[in-house]
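If you're matching positions, the sequence shown starts at 46 in this note's numbering and goes up one per residue. Backbone N, C-alpha and C fix where the C-beta goes; we use that ideal spot for every residue, glycine too. Please read these numbers as outputs of a predicted model, since none were measured by experiment.
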Amino acid sequence: MSTVMQTVPTAGTGPRTRLEPTRARRRVWLPLAGTPLLLAAFAIALQTQLSVTRRLDGATAAAWFAVAALVFLVGLALTRRSGVLEWGNLPLRAPDAAAAYSATAPSSGAALSAAGIRLRPALAALGLGAVTFALSGGNRFTALNVATWVLSVACAFAACWEGRPIALSRVWLAALTRRGVSVRVPWHAVALAAILALGAFFLFYRIYDVPREMTSDHAEKLYDVRDVLDGQHRIFFPRNTGREAFQFYWIALMTPLTGVSYLTMKLGTALIAFGALPFTYLLARTFFGTQQALLTTLVLSCTRWLWQVARVGLRFPFPPLFGAATFHFLMRGIRDRRRNDFLLCGLALGAAQHTYTALRLAPLAVLGCVAVAAADDVWRRRSSERAIRLAINTGLLALVALLVFMPLARYAVDEPQTFLFRGMSRVASDSTDRPPRDLLGVFLVNVKNALLMFNWRGDVVWVNTIPGERMLDPVSGALFLLGCVYGVYRLVRFRELPFLYLF
């Protein structure tokens, strides 16, 4: 250990010299001592992950993964003040920003002024939502019910939006048209543009050729796209166990490019996957800051999992896009308690219900995050005004999501068996519409398989995947394992709430 000479006065004998460790040096070298352990943990995890690809037996692999996790934890304990893995400032713990927006909160109507809701557009939104529900029978989009649908959502935003977006846009326009204005592009914008370009390359390179062949699912979907082009504008497409409508209208819009073809489907889903990249950046920046967000987006751009779900031409890229968008706005809303973020979260959540069956679980996750935020307010004894604001904004989020969901809600009421059949068949099988007797057991097995798919064993369905192949490559699989360990460590050791939201 480094030492320095210190002069220490002693009674009766004058000053004497002794050796004593330097605290400043100790503060420097102790954190750095953990860095080799972090690298060693990654090396162990990577080697184990490579062995898993060569069919290493489960007990041995689990033991070596446990060793990697233990070494990693020791390294973290030694580096917790060194800045390693702590680029962000965990902004979800920032002070309440509700007061900053209270001055701009609108008020109209005695009953709703305290909540900052404009009465007339609010009533119009509710009325138009009811009209949309009434006009959406027969499983058909029409010019009339689409108009009332869009107007109901627009009125909800007009009733609840904080601030004056029109006035703000005028300020921005004046600033841009002012003479002598210089535009500076920040470094992180250039870096993000480069990462997005890299992601676009991986998503679209030779997409006409890889993958080459369609399956029966693609053929069924192309029939539905043809129905849309022929004027059959369904809200829900019952063919092939039932599908939400978004993809078929999206592909129909793209048919002028390459016709009603498999290539058009692949281009459409690749564009959806590309949209997940900027929203992933925004979500990660909300949690951990710009540098971590850039790294996160770079890793996702280079991950085979994203390419695989994007290029196959099915609906798999919708959860990455709408999941990232929904939870970006939700996390920002929980952090700042700004109503506009809750409204945008409701818009993304409602639109997600028109895309893919798996996203029907997203409302439960949103409610879970809100419950965690409310419990944290109670635990920290924050003001009742903050809790009331959270409750009101959550209610408005649910209202916007419901208005966006309204046409599909009518179909669910009219045809509940068809609407629920695909979800039920994922639990049991395509041949039944009833859940299995051991519903909890099946659920737990499915959760276990989903957790193992990242770095242990992938899906066995050959139609959509390479049977048994893990979703992550060995490097990202090892990082995924250590990332989960890191999240648990920060949550347990420092009670940092963002990691609970992530899990």
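Put simply, the backbone Cα of Phe110 is about 7 Å away from that of Thr93.
A buried status is given to Gly120, since no fewer than 16 other beta-carbon atoms sit within 10 Å of its beta-carbon.
Look at Glu430 here: in three-state DSSP terms it is helix. Here DSSP, grouped into helix, strand and coil, assigns Phe281 to strand.
Sixteen is the threshold: since fewer than 16 other Cβ atoms of the shown chains lie within 10 Å of the Cβ of Ile511, the residue is exposed. The three-state secondary structure of Arg515, taken from DSSP, is coil.
Approximately 13 Å separates the beta-carbon atoms of Thr400 and Arg467; this is outside 8 Å, ruling out the contact. Here the alpha carbon of Phe464 sits roughly 29 Å from the alpha carbon of Phe319. Using a 10 angstroms sphere on the CB of Trp194, the tally of other CB atoms reaches 16 or more, which defines it as buried.
Counting every other CB atom within 10 Å of its CB across the protein chains shown gives Asn500 a total of 16 or more, marking it as buried.
For Val305, there is no enclosing alpha helix (DSSP H), as DSSP gives it neither H nor E. Linking Arg100 to Val530 through their CA atoms gives a straight-line distance of about 23 Å. Glu289 has Phe281 as its beta-bridge partners, per DSSP. With a cutoff of 9 Å on beta-carbon distance, Met451 and Ser181 are scored as near each other. DSSP, read as helix, strand or coil, puts Arg163 in strand. Between Phe324 and Ala370 a beta carbon distance of about 5 Å is seen, short of the 8 Å cut, so the two are scored as contacting. The distance from the Cβ of Ala397 to that of Ala407 is about 6 Å, consistent with a contact at the 8 Å cut-off. Going by beta carbons, Thr300 and Ala355 fall outside the 9 Å limit.
Within the same chain, Cβ atoms closer than 8 Å to the Cβ of Asp386 are found at Phe374, Leu375, Arg377, Gly378, the five residues on either side in sequence being excluded.
Following the DSSP letters along the chain, one finds Asp504 in no alpha helix (DSSP H), marked with neither H nor E.
A distance of 9 Å or more separates the beta carbons of Cys347 and Phe372.
With 16 or more other Cβ atoms from the protein chains shown falling within 10 Å of its own Cβ, Pro362 counts as buried. A residue is called buried once 16 or more other Cβ atoms fall within 10 Å of its Cβ, and Pro461, having fewer, is exposed. Short of 8 Å from the beta carbon of Leu545, and not among the five residues preceding or following it, lie these beta carbons of its own chain, in chain order: Val417, Leu536.
Annotated three-state conformation of His373 is helix, per DSSP. Rounded to whole angstroms, the gap between the alpha carbons of Ala443 and Gly395 is 9 Å. Spatial neighbours of Phe247 in its own chain (CB-CB distance under 6 Å, excluding positions within 5 residues in sequence) are listed in chain order as Trp352. Between Leu527 and Ala236 the beta-carbon gap is near 24 Å, outside 8 Å, which marks them as no contact. Looking at Ala188, Arg229, Pro166, the one whose alpha-carbon comes closest to that of Ala199 is Pro166. According to the DSSP assignment, Phe249 belongs to the alpha helix (DSSP H) that extends over 232–249.
Glu460 sits in coil when the DSSP states are folded into three classes, being neither helix nor strand. By the Cβ neighbour-count rule, Glu258 is exposed, with fewer than 16 other Cβ atoms within 10 Å of its own. Here His278 really is in contact with Arg185; their C-beta atoms are around 6 Å apart, less than 8 Å. Of all alpha-carbon atoms in Leu496, Ala495, Asn509, Gly513, the one lying nearest the alpha-carbon of Gly503 is that of Gly513.
Inter-residue distance for Thr124 and Phe548 is about 23 Å (C-alpha atoms, whole angstroms).
Contact annotation: Leu345 and Leu312 have beta-carbon atoms that are not nearer than 9 Å.
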